[in-house]
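Before any comments, here is the structure.
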Amino acid sequence: MASSRSGRKPARRGLEVQAPGGAGAAQGVGEEAGGGGPDQQLEKSARRGPTMAEKSFAVAKQARTKARINEAIELNHRQRMEKLNLHLGSLSEHFDIPKVGPG
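Residue numbers 1 to 103, in the UniProt record's numbering, belong to the letters of the sequence shown in order.
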C-alpha cells in the first residue's frame, strides 16, 4: 500500500470534497442562480441531446449501412464469383501473375 507523506489518503474520483465550514457551507445562492461549477456544467452538457452535426452524421451512417447491406444481398456467392472472373478475364496480361520457377 502506498502512503502519502502528509499521512492523508488521496481523494478518490467521484467524491465531492467538503468545504471547511462543514457540509452545505459551500452551497450558496450564486451556484443555483448563475454559472454553477464545472461539475454542474458537465452534468448539464451530458443531459443535452445530440447536436445537429451528430444527428446528420447518424442519418448518413444509417444510409451508408443500408446501402452496404442492399449491395451485399444483391448477388449470391456464385454470381459474385462469375462477376469477378469476368473482370479478371477482361484485364490485360500486364496484371497476370508471373510464372516463377520450373514447371
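For every residue, glycine included, the Cβ atom is placed at its ideal position computed from N, Cα and C.
Own chain partners of residue i with C-beta closer than 6 Å, once the 5 adjacent residues on each side are dropped
| i | result |
| --- | --- |
| G49 | none |
DSSP state of residue i mapped onto helix, strand, coil
| i | result |
| --- | --- |
| D96 | coil |
| T65 | helix |
| E86 | According to the sequence provided, residue 86 is Leu. The question's Glu does not apply to it. Three-state result, L86: helix. |
| E71 | helix |
| R48 | coil |
| L42 | helix |
Close-in-space but distant-in-sequence residues of the same chain around residue i (CB under 8 Å, 5 per side omitted)
| i | result |
| --- | --- |
| A58 | P50 |
Cβ shell of residue i (< 7 Å), same chain only, five flanking positions each side left out
| i | result |
| --- | --- |
| G89 | none |
| E82 | none |
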